[in-house]
Structures are given as C-alpha cells and as structure tokens.
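*Asks:* Residue numbers (my numbering), protein chains in the order written: chain B, 51 to 440; chain C, 51 to 440.
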C-alpha cells in the first residue's frame with residue numbers, strides 16, 4: 051500500500067522516512083510542558099482500493115502477524131454480565147500479548163519498519179511498559195534496544211527489560227529528562243526513536259487493536275473505554291476506527307471514553323477547558339501517570355471531532371475495579387488497565403444495557419504485584435489443623 | 051463420549067464419580083513419603099469412534115474452550131534457531147494462558163466437571179501456580195475456591211489468588227501438611243478436591259497441551275522437554291499423546307524428556323534406580339520443587355513404557371537458560387519453565403538438528419521477578435546527560 055505522512059495540525063504532506071518524526075513546520079511552535087506539536091498521521095494514497103482492513107498498513111500485514119500470537123483475545127464473562135447487567139461487555143485482553151501489554155502493538159510496527167529500513171537499533175524513553183515491550187519485541191526480532199528509564203520506574207518492568215537483554219540507562223530525573231536524553235541519543239547515534247507519540251508509527255501500530263475488535267465482533271462496538279495517560283493508545287484506536295470508516299469498512303465510529311485517574315487527568319481537563327495545563331501527576335496507575343500527555347493535542351482533536359468523552363476515577367475506584375474484575379472474570383489487570391472498568395462503572399447509568407462495549411485491558415496485573423496488594427486481605431494467621439479455622 | 055476410570059496400577063475399572071480419586075484397592079498400600087498409589091486414568095469406552103481428538107474428553111470440548119483463549123500459541127524464533135542450530139525448535143507458550151501457567155489446563159477440566167455435577171466449591175493444596183490457576187478459572191466460572199497454601203509460597207502467586215477472590219488459608223508447614231488438611235477439608239465439607247495427581251482429572255486436563263501441539267504441528271513432535279516436579283504435567287502430556295496413538299490419530303509417541311532441577315530430581319533418580327527415595331527439595335524453580343512427587347509412579351511407568359528420558363539441570367543453568375530464552379525470543383519464562391530450555395541445551399548434542407522439538411514453557415516470568423533478578427545487571431549509576439554514558 052502506498053502511503054505518506056500528513057501533519058495532524060496543519061495538514062502538510064510528507065514522504066515517509068523513518069527519521070521523520072514531527073511536522074517541521076508545526077514543531078517550531080513547540081513550548082515546554084505542552085503536548086507535542088505536529089504529530090504526523092499515516093495516510094494511504096490508495097486506501098480506497100483496500101479489500102480488507104489488513105491492507106491498511108505501511109508494511110505487509112503478514113509480517114506484523116509473524117510476531118507470535120499478535121492478536122489478543124476479545125471475550126466476555128457471564129459473572130461480569132450478572133454483576134453489571136450488561137450483556138455485551140467485552141474485554142479486549144492485551145494482558146496476553148508477548149510482553150503482557152498493549153504497547154506491543156506499537157513496538158511491533160516500529161520494529162518492522164526498522165527491519166525494512168535495515169536499522170539495527172531502537173531507542174526510547176519510558177516509565178515501564180513501553181520499555182519492556184520494545185525490549186521483548188526487539189529480542190524476538192534481533193534488534194538492539196536502548197532504554198532511558200526514570201529511576202522511579204516499577205521494578206518488575208525494569209527486570210523484564212533487562213531479561214530481554216535491552217540496554218537500560220537509568221536517568222536521574224523524570225520522564226521529561228529521559229525523553230530529552232533519548233532524542234539526543236537517537237540523533238548522536240543515528241538510531242530509530244520509538245518514543246511514544248513522537249514516532250508516528252507508535253500511533254499507527256496501536257490501531258491494530260481497533261482492527262482486531264472489528265474482526266472479532268464483526269462490526270465496530272458502540273463504546274470503547276480506554277485507559278488514558280499520554281493519549282497515544284486512544285489516538286491509535288481512533289486512527290484504526292477512522293481508517294475503517296474512511297475506507298468504507300464501517301459507517302460508524304464508536305463513542306470513545308478516555309478514562310483518566312483523578313491524579314493524572316490532563317486530557318480530561320483539556321476536553322473541558324479547550325487547553326492543556328501541566329499538572330504533576332500522582333496515581334497508583336503508573337502506566338497512565340503523565341505530567342504532560344505527549345499525544346494530547348491529537349487525542350483531544352479526535353475526541354472533539356467524533357464526540358468522545360472523558361471521565362476521571364480515583365485511585366480507590368481503580369483498585370476496587372481491579373479486584374472486582376479479577377474476581378468476576380479471572381482477568382488480572384494492572385491498575386492502569388483496571389481503570390477502564392472503573393470508568394465504565396462510573397458511566398454505566400448513561401449507557402444502554404444492550405450496547406456493545408469494549409474495555410481495553412492494556413496490561414497484566416503480574417507487572418505490579420505491589421499495587422494489587424492494596425485491596426486483598428492476607429490470611430491473618432497460619433493454621434496447623436482444621437480446628438484452627440474459625 | 052462414554053468413559054470410566056481405570057487404575058494405572060492394578061487395572062481395575064470404576065464408574066466415574068467426581069468424589070472418586072484413587073483406586074481403593076491400591077490405596078491400601080500407600081506409605082508416607084511415597085508418590086500416590088492407585089492413580090486413575092480416564093478410559094473412553096467408545097474412543098475408537100472418535101472422529102477428532104476433541105471427542106476424547108469427559109466433557110464437551112466446546113465447554114472446555116469457552117474459557118477465554120484456552121489454546122496457547124506454539125511458535126518459534128529465528129534468533130533461537132541461530133543460537134541453537136535447530137530449525138524446528140518450538141515453544142509451547144503457556145505463559146499466555148488466562149492465569150499465566152500450564153496449570154489452567156487442569157483447573158479448566160476440574161471446574162467443568164464441578165459445574166456439570168453442580169458442585170459449588172473446589173479445594174486444593176498448592177505451592178503457587180495451581181492455586182492461582184484454580185482461583186482464576188474459579189473466578190471465571192463462578193466457583194468458590196479454597197486454597198491451602200504453605201507459608202513459603204511465592205508472594206506474587208499468593209496475591210494473584212487473593213485478587214481472584216479465592217479463600218486462601220495459610221498453613222504453618224510444608225506442602226504435605228497443606229495436602230493433608232485440604233483432604234480433610236474436602237471430606238468434611240463435601241467439596242471437590244483439585245489436588246494435583248490425586249484428582250485424576252488433573253492429569254486428564256493437562257493432556258490438552260498434547261492435543262494442541264498435534265493440531266498446531268499437524269503431527270506429534272519427535273521430542274518434548276517437560277519441566278517436571280510432581281510428574282503430573284508430564285503424565286498429562288503422555289496421556290494426551292497416548293490417546294492420540296490409542297485411538298488412531300497418530301502412529302508415534304514423542305520421546306518425552308522430564309527435566310528436573312538438581313535439587314528436586316526424584317523422578318530422575320527413580321528412572322535410574324527403579325524406586326523412589328524422598329529427598330528434601332531445594333531449587334530456584336519453585337513450581338517444580340517437590341520432596342515427594344505425587345504423580346511419580348504413573349510418570350515413571352510412562353517414561354519406562356515409551357522410552358522417555360530424564361535430565362537434571364543446575365539452578366545456575368536454569369537461570370542462564372531463562373535469560374537466554376528471554377533475550378533470543380522475547381518469551382519471559384519463570385525458572386521452572388526455563389528448565390525445559392536448560393534441559394534441551396544439555397541434551398542437544400544427541401538430537402538430530404532437523405527434529406521437531408517442543409519445549410513446554412509452563413509459566414510466566416512475571417510470576418517471580420525476584421528469581422529473574424539473579425542474572426541481570428542493573429545499571430550501576432543514574433545519568434543526567436549523555437556525557438555521563440561511558
């Protein structure tokens with residue numbers, strides 16, 4: 051399929067090159083503490099000829115799917131149906147991806163393009179899942195991966211990256227510093243950046259979730275609840291549904307609901323106010339904890355254009371949702387992923403009970419055992435005989 | 051399909067009942083510190099009429115598969131092929147099961163039978179994966195699960211069980227005491243036991259791995275490397291391959307290789323000596339650490355009958371194999387699962403390079419981050435600028 055880049059702000063068109071990241075014109079207006087300016091979209095010049103959605107990729111879909119079991123299950127649970135009263139409440143279970151998170155979708159596309167262009171190394175800044183995802187996909191595809199990781203990243207995700215033999219560089223600072231150093235590194239050593247939102251392929255890769263849901267349901271759903279931090283998973287899903295719409299595979303775009311923690315709600319506030327204000331994030335849901343949502347402008351534009359909504363949930367509600375989801379489905383989600391269910395619970399009074407609803411379950415609970423401990427009651431004593439049972 | 055139980059020791063036949071666990075005749079000879087006597091097999095009276103292997107279940111195969119994505123991927127990696135020189139080295143990736151381990155296969159069948167017989171509660175003793183697996187499958191199928199867990203069980207697996215809303219009872223003692231108390235509990239409260247090896251359905255459930263490999267490869271492989279503790283996964287795979295053979299779907303049974311840690315090698319020694327000697331187990335691979343292998347007699351009989359082998363590997367070799375597997379495939383396995391690869395590396399000089407070889411990857415590395423830390427090098431310092439990179 052023939053494709054190019056188009057700026058999501060000014061609409062300027064660019065030929066694809068793996069080094070091109072943001073629109074050079076809009077990038078001039080970039081300020082500190084703001085989402086990225088000039089995020090690029092992939093446009094298919096001959097997309098109308100696509101016989102199936104799988105044609106709408108900048109690489110051969112077969113190559114994408116050569117990563118083991120790239121397609122995650124979509125399923126529902128009777129017990130969850132009883133608990134909520136909703137018949138068609140679907141779980142898009144990305145805990146089953148190779149590295150246990152939705153981020154594999156972006157990593158796979160970036161790695162594929164790197165391979166196609168004979169680039170041997172990928173660099174990124176990450177607080178956790180993107181790092182371990184890129185490391186794992188890099189291990190599968192024989193690609194060197196260098197990660198700039200803030201010191202505060204969760205231990206499990208760091209160990210996972212190291213197990214995958216990535217080069218992990220600890221940064222004495224936050225994600226912003228890690229991001230900046232990773233850009234300097236990619237320029238100095240001429241390697242490919244997989245920084246989320248910054249590399250347009252991260253958005254394009256994440257659209258695979260939308261295509262899969264469409265294949266699995268046989269149509270697009272009515273609602274999607276998406277755990278939202280930097281806005282890139284949300285944007286990727288929008289891009290996927292929009293491609294399906296634009297190229298004639300469906301007449302609808304789902305109502306997307308960006309679920310954010312109370313303590314990391316930049317996109318929520320921007321949707322209310324029309325502009326972004328930097329706020330220091332604090333939430334148990336580390337994967338969606340961001341001061342400045344890098345993909346914010348694009349996500350906001352999509353939400354505004356297609357009537358999307360946003361909802362905030364407390365950490366307490368997230369942890370309760372995590373426990374309830376585990377106990378009613380057997381699906382153990384990390385806090386960020388459970389936020390999708392928390393958001394649904396907050397909104398459900400306004401949703402028809404027969405609607406097709408998809409909750410994006412974006413990461414495995416095994417990645418963050420410490421958070422999962424908050425809402426469980428440990429046995430208070432150890433027993434030696436059944437008589438010791440109260 | 052019409053089926054009954056048959057004693058694997060004396061051959062006596064019994065009608066199926068969910069309460070029947072071991073052969074009452076052979077059970078009389080049970081001694082302390084020995085594997086279980088009188089393990090029962092499921093025999094299909096009309097198995098020869100089966101059109102597909104899926105007919106060879108004591109329940110409708112459709113019900114088994116209603117658990118989300120019950121079939122795990124079988125895949126290989128180019129990078130692993132380069133590292134080993136073996137073209138057809140397959141990974142049966144059971145880290146992708148609902149709860150992240152092979153144990154789901156037994157839990158699913160036991161839960162299905164409980165549902166069929168209208169039993170509301172399942173009890174088991176476990177050191178970890180069987181517990182979290184039964185808890186997760188129980189959560190999916192609305193079944194109460196009670197777990198007797200030795201105090202020393204790994205924390206991640208305990209938290210996982212509690213997240214799934216299982217009742218976890220800590221036992222001030224080892225697996226033997228937990229096992230004993232769980233039996234007393236199942237009798238006192240008339241609930242179904244899922245104790246591994248003890249409930250014949252645990253073996254029958256674990257045969258699904260063999261069926262899947264057969265479907266996925268289009269034939270049975272030449273070799274299977276199986277992480278082995280109590281011998282029940284090994285026995286389950288044998289039962290599956292044997293059913294395929296017995297009922298005419300294949301003419302071969304693979305050469306099975308039971309891989310055991312140096313520090314927990316009861317089945318290995320029994321294969322050399324012909325008898326079992328209890329030895330206190332000690333290994334980093336907690337999922338296959340057992341003093342007395344409950345399913346030992348049956349596993350030993352199968353190994354002897356079908357020319358199986360056993361190999362031991364050091365903890366050092368296991369942890370190196372874990373790291374090498376992560377770095378060459380993107381598959382992050384827990385130590386017990388990585389033992390399959392360690393065993394393969396030890397044996398590979400005697401295996402033809404074009405043989406079809408399956409490594410059973412039985413559990414996710416995210417379940418035991420502490421062990422995964424042994425072989426990774428943490429960054430020694432944090433940097434503030436690229437100049438700080440050496």
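Glycine included, C-beta positions come from ideal geometry on N, C-alpha and C.
What span of residues does the beta strand (DSSP E) with residue 316 of chain B cover, start to end?
*Replies:* No beta strand (DSSP E) contains residue 316 of chain B, which is instead part of the alpha helix (DSSP H) from 316-323.
*Asks:* Let me see if you follow: with CB-CB separation under 7 angstroms, is residue 265 of chain C close to chain B or not?
*Replies:* No, residue 265 of chain C does not count as interfacial toward chain B.
*Asks:* List the residues of chain B that residue 434 of chain C touches, going by C-beta distances under 8 angstroms, in chain order.
*Replies:* Chain B residues near residue 434 of chain C: 221, 222, 223 and 227.
*Asks:* So which residues of chain C does residue 114 of chain B contact, with C-beta pairs closer than 7 angstroms?
*Replies:* Within chain C, no residue comes near residue 114 of chain B; the closest Cβ sits about 14 angstroms away, beyond 7 angstroms.
*Asks:* For a cutoff of 7 angstroms on Cβ pairs, would you count residue 217 of chain C as touching chain B?
*Replies:* Taking Cβ atoms only, chain B never reaches closer than 7 angstroms to residue 217 of chain C, which makes this a no.
*Asks:* Quick check on the DSSP output: what are the complete beta strand (DSSP E) runs of length 3 or more inside the stretch 83-146 of chain B, in order along the chain?
*Replies:* DSSP runs (the beta strand (DSSP E)) wholly in the stretch 83-146 of chain B: 90-94 and 139-143.
*Asks:* Can you pull the chain C residues whose beta carbon is under 9 angstroms from the beta carbon of residue 190 of chain B, in chain order?
*Replies:* Under the 9 angstroms cutoff, chain C gives 127, 128, 129, 378, 379, 380 and 381.
*Asks:* For residue 429 of chain C, go through chain B and note every residue whose CB falls closer than 7 angstroms to its CB, in chain order.
*Replies:* Residues of chain B passing the Cβ test: 218, 219 and 220.
*Asks:* Flag residue 150 of chain C as yes when its Cβ comes closer than 6 angstroms to any non-hydrogen atom of the ligand NAP, and as no otherwise.
*Replies:* Here there are no bound small molecules, and the ligand NAP is not part of this structure.
*Asks:* Taking only the alpha-carbon atoms, compute the straight-line gap between residue 129 of chain B and residue 395 of chain B and give it to the nearest angstrom.
*Replies:* Cα to Cα, the separation comes out at about 15 angstroms.
*Asks:* Go ahead and pull the three-state DSSP assignment for residue 179 of chain B.
*Replies:* Residue state, collapsed to three classes: helix.
*Asks:* Using a threshold of 7 angstroms, state whether the C-beta atoms of residue 407 of chain B and residue 139 of chain B are closer than that.
*Replies:* Yes, they are a contact pair.
*Asks:* If you compare alpha carbons, which of B:83, B:57 and B:61 is closest to residue 71 of chain B?
*Replies:* If we check each option's Cα against that of residue 71 of chain B, B:57 comes out closest.
*Asks:* Any beta carbon from chain C within less than 7 angstroms of residue 123 of chain B's own beta carbon?
*Replies:* Chain C, which has a Cβ nearer than 7 angstroms to the Cβ of residue 123 of chain B, makes this yes.
*Asks:* Return the CA-CA distance between residue 235 of chain B and residue 438 of chain C, expressed in angstroms with no decimal places.
*Replies:* Roughly 12 angstroms between the two C-alpha positions.
*Asks:* Give the secondary structure of residue 213 of chain B by DSSP, where H, G and I count as helix, E and B as strand, and everything else as coil.
*Replies:* Looking at residue 213 of chain B - three-state DSSP - the assignment turns out to be helix.
*Asks:* Give me, in chain order, the residues of the same chain whose beta-carbon lies closer than 7 angstroms to that of residue 84 of chain B; leave out the 5 immediate sequence neighbours on both sides.
*Replies:* For residue 84 of chain B, where only same-chain residues beyond five positions count, the Cβ hits under 7 angstroms are 326 and 342.
*Asks:* DSSP on residue 303 of chain B, reduced to helix/strand/coil?
*Replies:* Residue 303 of chain B falls in the coil class under three-state DSSP.
*Asks:* Below 8 angstroms, how does it come out for the stretch 224-244 of chain C and the stretch 261-273 of chain C: are there three or more Cβ pairs, yes or no?
*Replies:* No, they do not touch.
*Asks:* Between the Cα of residue 187 of chain B and those of B:219, B:244 and B:411, spot the shortest distance and give me the residue it belongs to.
*Replies:* Checked all of B:219, B:244 and B:411; the closest Cα to residue 187 of chain B is B:244.
*Asks:* Mapping the DSSP letters down to three states, classify residue 275 of chain B as helix, strand or coil.
*Replies:* If DSSP states are grouped into helix, strand and coil, residue 275 of chain B belongs with the strands.
*Asks:* Spell out a yes or no on whether the stretch 367-379 of chain C and the stretch 113-132 of chain C are touching, meaning 3 or more CB-CB pairs, one atom from each, closer than 8 angstroms.
*Replies:* Yes: at least three Cβ pairs fall under 8 angstroms.
*Asks:* Rounded to whole angstroms, what is the Cα-Cα separation between residue 248 of chain C and residue 249 of chain B?
*Replies:* Each residue's Cα considered, the two are about 54 angstroms apart.
*Asks:* With 9 angstroms as the C-beta to C-beta threshold (strictly closer), list the residues of the stretch 132-150 of chain B near chain C in chain order.
*Replies:* Residues passing the 9 angstroms Cβ filter: 132, 141, 143, 145, 146, 147, 148, 149 and 150.
*Asks:* For residue 59 of chain C and residue 275 of chain C, I'd like the C-alpha separation in whole angstroms.
*Replies:* Each residue's alpha carbon lies about 25 angstroms from the other.
*Asks:* For residue 444 of chain C, report the span of its beta strand (DSSP E) as first-last.
*Replies:* In the structure displayed, chain C extends from 51 to 440; residue 444 of chain C sits before or after that span and is not available.
*Asks:* Under a CB-based cut-off of 7 angstroms, is residue 413 of chain B close to chain C?
*Replies:* Not an interface residue.
*Asks:* Mind checking who residue 311 of chain C pairs with in its DSSP beta bridge?
*Replies:* In the DSSP output, where bridge partners are listed per residue, residue 311 of chain C has C:363.
*Asks:* Taking a cut of 9 angstroms between CB atoms, which residues from the stretch 240-273 of chain B lie near chain C?
*Replies:* So nothing in the stretch comes that close.
*Asks:* Does DSSP put residue 200 of chain C in a helix, a strand or coil?
*Replies:* Residue 200 of chain C falls in the strand class under three-state DSSP.
*Asks:* Suppose contacts are defined by Cβ-Cβ distances below 7 angstroms. Is residue 89 of chain B in contact with residue 318 of chain B by that definition?
*Replies:* It is not a contact, given that the beta carbons lie outside the stated cut-off.
*Asks:* In chain order, what are the residue ranges of uninterrupted beta strand (DSSP E) at least 3 long that sit wholly in the stretch 364-437 of chain C?
*Replies:* Correct list: 407-411.
*Asks:* Could you tell me if residue 322 of chain C is buried or exposed, where buried requires 16 or more neighbouring beta carbons within 10 angstroms of its beta carbon?
*Replies:* It counts as exposed.
*Asks:* Measuring alpha carbon to alpha carbon, tell me which of C:331, C:298, C:295 and C:300 ends up nearest residue 310 of chain C.
*Replies:* Residue C:331 is the option with its Cα nearest to residue 310 of chain C.
*Asks:* Could you please give the first and the last residue of the uninterrupted alpha helix (DSSP H) stretch that includes residue 354 of chain B?
*Replies:* 346-355 is the span of the alpha helix (DSSP H), which, as asked, contains residue 354 of chain B.
*Asks:* Quick one: what's got a C-beta closer than 8 angstroms to residue 308 of chain C's C-beta in the same chain, skipping five residues either side?
*Replies:* Around residue 308 of chain C: 276, 278, 281, 284, 317, 318, 321, 349, 353, 358, 359, 360 and 361.
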